[in-house]
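A.B. asks: There's a structure below that I have some questions on.
Number of protein chains: 2
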Amino acid sequence: MEALSRIRVVLVEPTHPGNVGATARAMRTMGLERLVLVAPREFPSEEAWARASGAEEVLERARVVATLDEALAGCGLAVGTSARRRSLAWPGREPRAAAAEAVAAAAAGTEVAFVFGRERTGLTNAELDRCQALLTIPTVPDFRSLNVAAAVQVVAYELHLAARGAPPAEPPAEPPATADELESFYGHLERVMVRVGFLDPDNPRRLMRRMRRLFARARPERTELNILRGILTAVERCCGGRGPGR
Amino acid sequence: MEALSRIRVVLVEPTHPGNVGATARAMRTMGLERLVLVAPREFPSEEAWARASGAEEVLERARVVATLDEALAGCGLAVGTSARRRSLAWPGREPRAAAAEAVAAAAAGTEVAFVFGRERTGLTNAELDRCQALLTIPTVPDFRSLNVAAAVQVVAYELHLAARGAPPAEPPAEPPATADELESFYGHLERVMVRVGFLDPDNPRRLMRRMRRLFARARPERTELNILRGILTAVERCCGGRGPGR
Numbered sequence: 002m003e004a005l006s007r008i009r010v011v012l013v014e015p016t017h018p019g020n021v022g023a024t025a026r027a028m029r030t031m032g033l034e035r036l037v038l039v040a041p042r043e044f045p046s047e048e049a050w051a052r053a054s055g056a057e058e059v060l061e062r063a064r065v066v067a068t069l070d071e072a073l074a075g076c077g078l079a080v081g082t083s084a085r086r087r088s089l090a091w092p093g094r095e096p097r098a099a100a101a102e103a104v105a106a107a108a109a110g111t112e113v114a115f116v117f118g119r120e121r122t123g124l125t126n127a128e129l130d131r132c133q134a135l136l137t138i139p140t141v142p143d144f145r146s147l148n149v150a151a152a153v154q155v156v157a158y159e160l161h162l163a164a165r166g167a168p169p170a171e172p173p174a175e176p177p178a179t180a181d182e183l184e185s186f187y188g189h190l191e192r193v194m195v196r197v198g199f200l201d202p203d204n205p206r207r208l209m210r211r212m213r214r215l216f217a218r219a220r221p222e223r224t225e226l227n228i229l230r231g232i233l234t235a236v237e238r239c240c241g242g243r244g245p246g247r
Numbered sequence: 002m003e004a005l006s007r008i009r010v011v012l013v014e015p016t017h018p019g020n021v022g023a024t025a026r027a028m029r030t031m032g033l034e035r036l037v038l039v040a041p042r043e044f045p046s047e048e049a050w051a052r053a054s055g056a057e058e059v060l061e062r063a064r065v066v067a068t069l070d071e072a073l074a075g076c077g078l079a080v081g082t083s084a085r086r087r088s089l090a091w092p093g094r095e096p097r098a099a100a101a102e103a104v105a106a107a108a109a110g111t112e113v114a115f116v117f118g119r120e121r122t123g124l125t126n127a128e129l130d131r132c133q134a135l136l137t138i139p140t141v142p143d144f145r146s147l148n149v150a151a152a153v154q155v156v157a158y159e160l161h162l163a164a165r166g167a168p169p170a171e172p173p174a175e176p177p178a179t180a181d182e183l184e185s186f187y188g189h190l191e192r193v194m195v196r197v198g199f200l201d202p203d204n205p206r207r208l209m210r211r212m213r214r215l216f217a218r219a220r221p222e223r224t225e226l227n228i229l230r231g232i233l234t235a236v237e238r239c240c241g242g243r244g245p246g247r
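Each protein sequence line maps, in turn, to chains A and B. Residue numbering for the first sequence follows the working numbering, starting at 2 and increasing by one per position. Residue numbering for the second sequence follows the working numbering, starting at 2 and increasing by one per position.
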């Protein structure tokens with residue numbers, strides 16, 4: 002179960018303290034102990050402690066941060082959860098497949114995050130852009146609304162099963178790029194695309210999302226990202242100030 | 002999913018109306034609609050309706066009975082849930098196996114019940130005697146206490162997967178790039194890398210191999226490859242003949 006110690010659960014802007022407590026309890030039953038709260042409306046709170054029902058340690062050790070980027074610091078794999086299939090087909094998967102992948106990555110030393118959105122509105126597209134994979138819990142088509150702690154319970158259950166059955170860790174591959182390294186790369190890529198006149202700087206969204214999707218699927222290693230950054234820097238030098246970009 | 006219509010969820014003496022509402026919601030997301038409450042402390046109740054969050058229909062149609070025997074009337078298979086392994090070695094199983102068995106039975110016309118116990122004390126041995134099978138949700142050994150609605154969520158999720166059978170095919174993605182399109186892209190990428198002075202044209206091998214590996218993992222769609230080609234062309238235009246490349 003050591004792999005589970007490298008997996009954190011991130012709740013983005015939870016509104017109801019009861020859900021935070023229920024999430025802690027769901028995690029604790031399955032061996033997950035690292036909870037990160039992004040801008041919770043109320044924390045700590047009595048109701049969270051009451052609903053945790055014995056899993057207080059998870060709450061006591063919970064990290065509270067201001068932004069999703071902080072919550073994902075150091076992560077090599079961030080899995081965002083969403084009730085709907087988005088129009089742009091992200092690399093989506095179901096809990097079982099996502100858990101297997103996450104546990105394998107964690108067993109090889111990668112820090113992993115599962116990101117759950119607000120009770121009413123879930124995660125924004127910009128937040129999903131920060132993730133390398135999208136997880137959708139299967140439901141009936143006419144009622145997709147899982148409670149957030151119930152969603153955490155299902156995912157934690159699958160992680161528990163995957164960790165229990167995990168084969169011995171693979172010899173460590175090269176380390177994957179972390180979430181913050183990926184963000185720097187995307188920023189750099191966007192600047193270069195603008196510089197060479199390929200991207201309308203006032204409307205970079207759709208194209209950048211496609212680029213994110215493409216690279217997210219590849220899950221670049223750190224070395225590979227360094228090569229890509231090197232190419233971008235060489236392009237900038239080559240274009241100098243003379244390109245059509247601004 | 003027709004099999005699910007023959008599966009009922011039985012809560013024995015639930016104390017907290019919130020758990021009844023959360024159970025209804027958990028069931029509804031997964032396509033279970035028949036809830037039976039044995040001697041609930043408080044039902045109907047406002048809190049149950051609030052926590053059902055849109056799954057009110059399950060609550061409105063819930064049957065309230067006085068005894069477990071009434072709740073199990075007509076059932077050919079009753080599965081009791083328990084957090085602990087009892088001293089008496091019951092025929093216990095995990096959710097996935099129990100769900101497969103239950104869905105197979107229900108598909109063959111059998112009425113099936115999943116029985117969940119009281120929040121604090123679970124089911125008595127006498128109540129488990131009424132069941133033909135025992136289900137235990139795997140947990141860490143030192144914290145077995147799942148919330149009852151969370152337990153229902155896990156079981157309902159497994160029932161949903163079992164009833165669905167093979168996952169439906171993914172919605173048709175955009176066509177992947179073909180091998181020759183990929184080759185053209187790699188050729189173009191190599192020329193641009195040389196042009197911007199990033200690649201030693203006499204020894205491009207290692208770096209190009211890494212780039213191939215990276216993009217191969219991503220399995221680019223044709224549209225994505227066209228975007229990448231567009232960026233490369235824009236870079237060539239931007240660098241003109243003035244770059245350090247030859």
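All C-beta atoms in this analysis are idealised placements derived from N, C-alpha and C, irrespective of residue type, glycine included. What you are looking at is a predicted structure, and each value in this text was computed from that prediction instead of being measured.
(1) Is H17/B close to chain A, meaning its C-beta is less than 8 Å from at least one C-beta of that chain?
(2) For R64/A, count neighbouring C-beta atoms within 10 Å of its own C-beta (all shown protein chains included) and say buried if the count is 16 or more, exposed if not.
(3) Mind pulling the chain B residues with CB within less than 7 Å of V236/A?
(4) Residues in its own chain within less than 7 Å of C132/A by CB, not counting five upstream and five downstream?
(5) In whole angstroms, what is the alpha-carbon distance linking T224/A and D181/B?
(6) Taking its Cβ as the centre, do 16 or more other Cβ atoms sit within 10 Å of T122/A, making it buried, or is it exposed?
(7) Who are the near neighbours of H189/B in its chain, counting only those whose CB is closer than 7 Å to its CB and skipping five residues on each side?
(8) Pick out whichever of T24/A, R218/A, A25/A has its Cα sitting closest to the Cα of G77/A.
(9) Name the chain B residues that come within less than 8 Å of S54/A, Cβ to Cβ?
(10) Can you tell which of P202/A, I228/A, T179/A has its C-alpha closest to the C-alpha of R220/A?
(11) Would V11/B pass as a contact of A114/B if the rule is Cβ separation under 8 Å?
(12) Drop a sphere of 10 angstroms on the beta-carbon of N126/B, count the other beta-carbons inside from all chains shown, and report buried for 16 or more, exposed for fewer.
(13) Buried or exposed for G241/A, please, with buried defined as at least 16 other CB atoms from any protein chain shown within 10 angstroms of its CB.
(14) Please confirm if I232/A has its CB atom under 8 Å from at least one CB of chain B.
(15) Taking Cβ positions only, does L162/A come closer than 8 Å to chain B?
(16) Since E48/A and P15/A should fall inside the 8 Å C-beta cutoff, what is the C-beta to C-beta distance between them, to a whole number of angstroms?
(17) Per DSSP, which residues does A114/B bridge with? Please list them.
(18) Report the partner residues of L136/B according to the DSSP bridge assignment.
(19) Quick one: list the residues of chain B neighbouring V215/A, beta-carbon separation under 7 Å, in chain order.
(20) Flag this pair as touching only if the segment 201-220 of chain A and the segment 201-210 of chain B have three or more C-beta atom pairs under 8 Å; answer yes or no.
(21) Grouping DSSP H, G and I as helix and E and B as strand, with all else coil, what is P177/B?
(22) By the criterion of Cβ-Cβ separation under 7 Å, what are the contact partners of V10/A in chain B?
(23) CB-CB under 7 Å to R29/A, same chain, minus the five flanking residues each way: which ones, in chain order?
(24) Report yes or no: is there a C-beta of chain B within less than 8 Å of the C-beta of G32/A?
(25) List the residues of chain B whose Cβ lies closer than 7 Å to the Cβ of T137/A, in chain order.
(26) Would you list the one or two residues that DSSP bridges to E222/B?
(27) Which of the three DSSP states is assigned to G123/B in this structure?
(28) From which residue to which residue does the beta strand (DSSP E) around L73/A run?
(29) Within 10 Å of its beta-carbon, does R214/B have 16 or more other beta-carbons around it, so buried, or fewer, so exposed?
(30) If we ignore side chains and look at the alpha-carbon of each, how far apart do A40/A and V66/A end up?
(31) Under the three-state reduction of DSSP, which class applies to A170/A: helix, strand or coil?
(32) Starting from L38/A, follow the beta strand (DSSP E) in both directions and report where the run begins and ends.
(33) On the criterion of 16 or more Cβ atoms from any shown chain inside 10 Å, does S83/B qualify as buried, or is it exposed?
(34) Can you tell me whether P139/A is buried or exposed? The criterion is at least 16 other CB atoms within 10 Å of its CB, across all chains shown.
(35) V155/B touches chain A at which residues, Cβ-Cβ below 8 Å?
(36) Using DSSP bridges, identify the partner residues of R64/B.
C.D. replies: Let me lay it out:
(1) no
(2) exposed
(3) V197, V236
(4) A79, V80, G81, V116
(5) 27 Å
(6) exposed
(7) R230, L233
(8) R218/A
(9) S146, N148
(10) T179/A
(11) yes
(12) exposed
(13) exposed
(14) yes
(15) yes
(16) Going by Cβ atoms, the distance from E48/A to P15/A rounds to 12 Å, so no, they are not a contact pair.
(17) R9/B, A79/B
(18) T82/B, R94/B
(19) Contrary to the premise, residue 215/A reads as Leu rather than Val in this sequence. Ordered by position in chain B, the residues that pass the 7 Å Cβ test against L215/A are A219, P221, E225.
(20) no
(21) strand
(22) Simply none; closest approach about 14 Å.
(23) A56, V59
(24) yes
(25) Within 7 Å Cβ-Cβ: nothing; T137/A doesn't reach chain B, min ~11 Å.
(26) P177/B
(27) strand
(28) Neither: L73/A is in no beta strand (DSSP E) and is coded neither H nor E.
(29) exposed
(30) 6 Å
(31) Its pLDDT being 49, under 50, A170/A is placed unreliably in this model, and the coordinates cannot settle the point.
(32) 35-39
(33) buried
(34) buried
(35) Q154, V155, Y158
(36) V37/B
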